[in-house]
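Undergrad:
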Amino acid sequence: MGNEGSSSIVDRRLDLAWQMLATLGAPASAEPIATTPVDPECAILLGGMCATDDPRIGEATQWLLKSVHRSLSVSRMKALAAQLGDRATAGTAYIGATATGVPSLRQWERSFASEPGTRSATDVANKDRLSSRIGADEVTTATLAQPGAFRLRMRMSFGVGARTEALSALLVRRNAATSPELEWLSVPQLEHATGFGKRHLLDQLPDMARAGLLDHTRDGRTHRFRARAEFLAAMEPIPARWVDWTSYIATLLELEDAMRILEANPTTAGAMDASRRISDHPDVVPVRFAPLGSPETLPDRLRDWLLTNARHVAAIDSHAANRR
1331 MGNEGSSSIV
1341 DRRLDLAWQM
1351 LATLGAPASA
1361 EPIATTPVDP
1371 ECAILLGGMC
1381 ATDDPRIGEA
1391 TQWLLKSVHR
1401 SLSVSRMKAL
1411 AAQLGDRATA
1421 GTAYIGATAT
1431 GVPSLRQWER
1441 SFASEPGTRS
1451 ATDVANKDRL
1461 SSRIGADEVT
1471 TATLAQPGAF
1481 RLRMRMSFGV
1491 GARTEALSAL
1501 LVRRNAATSP
1511 ELEWLSVPQL
1521 EHATGFGKRH
1531 LLDQLPDMAR
1541 AGLLDHTRDG
1551 RTHRFRARAE
1561 FLAAMEPIPA
1571 RWVDWTSYIA
1581 TLLELEDAMR
1591 ILEANPTTAG
1601 AMDASRRISD
1611 HPDVVPVRFA
1621 PLGSPETLPD
1631 RLRDWLLTNA
1641 RHVAAIDSHA
1651 ANRR
C-alpha cells in the first residue's frame, strides 16, 4: 500500500483548510465554501494543525488571525481544541507562537470587543458599517457578504459570545429543505451547535427574546428558542446549512489515523484495529464500515472506504447540499 492512502487523506485535510481560510478572507486561491458558514475558531485550529504539512497554510492562518482576532473567542477555541485532541492543541500553540503582530493566546481575551446591548435588524442590515471594523487590506466587506462568512459577519455585527453563535445557528436552521419556517431548538441542541455551555446560553438568550430577536417557550426546565422570521431579510445572505465543524475535522483526523494504522499493518488484524479507531459521526459519515465479507479482502475494502469518506467529508458544499 505504501503511503498513498494517508497522503491522499492529508491532501483532503489541507484542501479543506485552504477552503475555510479563503472563505474568511485569507489570501488563498482555493474556492470559498458557499453553502455552509465557516466556524472561525475551527478554521484557525485546522490551519494550525496543517501548518507543519504546508507552511503556506500557517502563513495564511497567521494573516487571518491578525485580521480577525477581535472576533475570536479564546474560551471557545480552547474548548474546541480540547474536543479535537492533542494535534489541535499543538496547532494552536504553533500559531500563537509564530504569529507576528498578534497578542498571544493568553492575552487575546483582554482584547475581545464584545459589544454591549443588542443591535436592531435595520442597523445590522447596513453592511457598509462593517468597513469601520476592518482594515482596507484585511477582510473586505465583499468577503463578509458571502454566505460562508456568515458567522464572522454576525460577530462583527453583534460581538463575540454565546448570543451571537446561538442567533447565527437559529437563523440558518430550517425545519426542512423546502420550508422557510425557522426551527425551534432546545438548549442542548444549541450547546451542540454553538460550542457554548448551558449557563452561557441561558444567561443571554432570554434577554434576546425579551428584546424581540427570538421566540422563547418554556416547559418546566426545558427552554426552546427560535429566531424571529422578520429578522431573516435583514441578515441575508443566509447560508443553506449549519454543520458541526468539530465533527467534520475530527472525522478527517480519524480517517487519516486509521489509514496510517492500516498502512503499518495491512492485514486483517490491522484492518480490524484501524476500523475500531473511527468514532460514530452519523451526520458526517452516514454509513459505518461493515467488516462483513472475506477476511482476505478486508484491508482493501477498508482502505477504499477510508478514501471515499475522506473525499465525502472534505467536499463540504456538496455534502451539505445533499444532506440539507
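Every number in the working numbering is 1330 more than the matching position in the sequence shown, counting from 1. Cβ coordinates follow ideal geometry from the N, Cα and C atoms, glycine included.
Per DSSP, what are the beta-bridge partners of H1685 in this structure?
TA: Summary: the structure shown does not reach residue 1685, with the chain confined to residues 1331 through 1654, and so no result is reported for it.
Undergrad: Of the choices D1545, A1564, M1565, whose alpha-carbon is the least far from that of R1556?
TA: One-based indexing of the sequence shown puts residue 1556 at position 226. Ranking the options by Cα distance to R1556, first place goes to D1545.
Undergrad: Have a look at Q1349 and L1515 and give me their C-alpha separation to the nearest angstrom.
TA: Counted from its first residue, the sequence shown places residue 1349 at position 19. Counted from its first residue, the sequence shown places residue 1515 at position 185. Going from the Cα of Q1349 to the Cα of L1515 covers about 29 Å.
Undergrad: Determine the extent of the alpha helix (DSSP H) in which Q1405 is found, giving its start and end residues.
TA: Along the sequence shown, one-based indexing puts residue 1405 at 75. A small correction: the amino acid at residue 1405 is Ser; Gln does not occupy that position in the sequence shown. 1404 to 1414 is the extent of the alpha helix (DSSP H) around S1405.
Undergrad: Considering only C-alpha positions, which residue in the set A1390, D1537, M1589, H1522 is nearest to A1356?
TA: Position 26 of the sequence shown holds residue 1356. Ranked by Cα distance from A1356, the first of A1390, D1537, M1589, H1522 is A1390.
Undergrad: Can you tell me whether L1622 is buried or exposed, with buried defined as 16 or more other CB within 10 angstroms of its CB?
TA: On the sequence shown, residue 1622 is found 292 positions in, with the first residue counted as 1. Under the 10 Å beta carbon count, L1622 is surrounded by fewer than 16 other beta carbons and is classified as exposed.
Undergrad: Given a threshold of 16 other Cβ atoms within 10 Å of its Cβ, counted over all protein chains shown, does L1532 qualify as buried or as exposed?
TA: Here residue 1532 refers to the residue found at position 202 of the sequence shown. Exposed, because fewer than 16 other Cβ atoms sit within 10 Å of the Cβ of L1532.
Undergrad: Could you name the residues that DSSP lists as bridge partners for L1515?
TA: Counted from its first residue, the sequence shown places residue 1515 at position 185. L1515 is bridged to F1555.
Undergrad: Flag this pair as touching only if the stretch 1569 to 1576 and the stretch 1363 to 1371 have three or more C-beta atom pairs under 8 Å; answer yes or no.
TA: When Cβ pairs closer than 8 Å are counted between the two stretches, the stretch 1569 to 1576 is seen to touch the stretch 1363 to 1371, the count reaching three or more.
Undergrad: Would the stretch 1604 to 1615 and the stretch 1338 to 1354 be scored as touching if the rule is three or more Cβ pairs under 8 Å?
TA: In short, these stretches do not touch, since the Cβ pair count stays below three.
Undergrad: If the criterion is Cβ atoms closer than 8 Å, does the pair A1411 and A1418 meet it?
TA: Taking the first residue of the sequence shown as 1, we reach residue 1411 at position 81. Taking the first residue of the sequence shown as 1, we reach residue 1418 at position 88. Contact flag set, yes.
Undergrad: Let me know the secondary structure DSSP gives P1370 once reduced to three states.
TA: Here residue 1370 refers to the residue found at position 40 of the sequence shown. Three-state result, P1370: helix.
Undergrad: Looking only at C-alpha atoms, which of R1386, S1403, L1395, L1376 sits nearest to A1294?
TA: Nothing in the structure corresponds to residue 1294, since the chain is present only between 1331 and 1654.
Undergrad: Measure how close the beta-carbons of L1394 and A1644 come, nearest whole angstrom, since I'm counting them as under 8 Å.
TA: Counted from its first residue, the sequence shown places residue 1394 at position 64. Counted from its first residue, the sequence shown places residue 1644 at position 314. About 19 Å separates the two Cβ atoms, so there is no contact after all.
Undergrad: Could you tell me which of R1400, L1592, L1585, V1398 sits nearest to H1611, measuring between CA atoms?
TA: Position 281 of the sequence shown, counted from the start, is the residue given in the question as residue 1611. Checking every option, the nearest Cα to that of H1611 belongs to L1585.
Undergrad: Would the beta-carbon of I1579 fall within 8 Å of that of C1372?
TA: Along the sequence shown, one-based indexing puts residue 1579 at 249. Along the sequence shown, one-based indexing puts residue 1372 at 42. A contact, by the Cβ cut-off of 8 Å.
Undergrad: Which residues in the same chain as T1494 place their Cβ atom closer than 7 Å to its Cβ, once the five residues preceding and following it in sequence are excluded?
TA: Indexing the sequence shown from 1 puts residue 1494 at position 164. Hits under 7 Å: M1484, R1485, F1488.
Undergrad: Establish whether the CB of G1550 and some CB of chain C are separated by less than 8 Å.
TA: In the structure shown, chain C cannot be found, because there is only a single protein chain.
Undergrad: Can you give the Cα-Cα distance for L1344 and M1589, rounded to whole angstroms?
TA: In the sequence shown, residue 1344 corresponds to position 14, counting from 1. In the sequence shown, residue 1589 corresponds to position 259, counting from 1. C-alpha separation (whole angstroms): 16 Å.
Undergrad: In three-state terms, what does DSSP make of V1643?
TA: Residue numbering aside, residue 1643 sits at position 313 when the sequence shown is read from its first letter. If DSSP states are grouped into helix, strand and coil, V1643 belongs with the helices.
Undergrad: Drop a sphere of 10 angstroms on the beta-carbon of G1388, count the other beta-carbons inside from all chains shown, and report buried for 16 or more, exposed for fewer.
TA: Working through the sequence shown from its first residue, we reach residue 1388 at position 58. Its Cβ being crowded by 16 or more others within 10 Å, G1388 is buried.
Undergrad: Return yes when the Cβ of R1558 is within less than 8 Å of the Cβ of L1543, no when it is not.
TA: As a first step, residue 1543 is located in the sequence shown; it is residue number 213 there, counting from the start. As a first step, residue 1558 is located in the sequence shown; it is residue number 228 there, counting from the start. Yes, these two residues count as a Cβ contact at 8 Å.
Undergrad: Assign E1593 to one of two classes, buried (16 or more other C-beta atoms within 10 Å of its C-beta) or exposed (fewer than that).
TA: Against the sequence shown, residue 1593 aligns to sequence position 263. Buried.
Undergrad: Less than 7 Å between C-beta atoms, sequence neighbours within five positions excluded: which residues of the same chain meet that for S1401?
TA: Your numbering for residue 1401 matches position 71 in the sequence shown. Counting only Cβ-Cβ distances below 7 Å, and skipping sequence neighbours, we find P1370, L1482, R1485, M1486, V1490.
Undergrad: Under 8 Å Cβ to Cβ from A1499, same chain only, skipping five residues before and after it: list those, please.
TA: By one-based count along the sequence shown, residue 1499 stands at place 169. Excluding sequence positions up to five before and after A1499, its CB lies within less than 8 Å of the CB of L1515, L1520, A1523, T1524, W1572, all in the same chain and listed in chain order.
Undergrad: Need the endpoints of the alpha helix (DSSP H) that D1603 sits in, please.
TA: As a working mapping, residue 1603 is identified with position 273 in the sequence shown. Its alpha helix (DSSP H) spans residues 1598 to 1605.
Undergrad: I need the boundaries of the alpha helix (DSSP H) containing Q1392, first residue and last residue.
TA: Along the sequence shown, one-based indexing puts residue 1392 at 62. 1385 to 1398 is the extent of the alpha helix (DSSP H) around Q1392.
Undergrad: Identify whether F1561 lies in helix, strand or coil by the three-state DSSP scheme.
TA: Indexing the sequence shown from 1 puts residue 1561 at position 231. Secondary structure of F1561 (DSSP, three-state): helix.
Undergrad: In angstroms, rounded to a whole number, what distance separates the CA positions of M1565 and S1337?
TA: The residue labelled residue 1565 in the question sits at position 235 within the sequence shown. The residue labelled residue 1337 in the question sits at position 7 within the sequence shown. Their Cα atoms are separated by approximately 40 Å.
Undergrad: Compute the Euclidean distance between the alpha carbons of H1553 and H1530, then round it to the nearest angstrom.
TA: Numbered from its first residue, the sequence shown carries residue 1553 at position 223. Numbered from its first residue, the sequence shown carries residue 1530 at position 200. Spanning the two alpha carbons is a distance of roughly 13 Å.
Undergrad: Excluding sequence positions up to five away, which residues of its chain have a Cβ less than 6 Å from the Cβ of P1567?
TA: Position 237 of the sequence shown holds residue 1567. Closer than 6 Å at the Cβ level, and outside the excluded window around P1567, lie P1477.
Undergrad: Measure the beta-carbon distance from A1628 to T1598 and round it to whole angstroms, keeping in mind my assumption that it falls under 8 Å.
TA: For this step, residue 1628 is matched to residue 298 along the sequence shown. For this step, residue 1598 is matched to residue 268 along the sequence shown. According to the sequence as given, residue 1628 is Leu; it is not Ala. With 8 Å as the limit, L1628 and T1598 qualify as a contact, their Cβ atoms being about 5 Å apart.
Undergrad: Determine the burial state of P1616: buried for a count of at least 16 other Cβ atoms within 10 Å of its Cβ, exposed for fewer.
TA: The residue given as residue 1616 occupies position 286 in the sequence shown. Counting Cβ neighbours within 10 Å, P1616 comes out exposed, since fewer than 16 surround it.
Undergrad: Would you mind reading off the limits of the alpha helix (DSSP H) that contains I1591?
TA: Here residue 1591 refers to the residue found at position 261 of the sequence shown. The continuous alpha helix (DSSP H) containing I1591 extends over residues 1575 to 1594.
Undergrad: With distance defined between alpha-carbon atoms, name the residue in Q1392, L1632, R1540 nearest to I1425.
TA: Along the sequence shown, one-based indexing puts residue 1425 at 95. Here the closest residue by C-alpha is Q1392.
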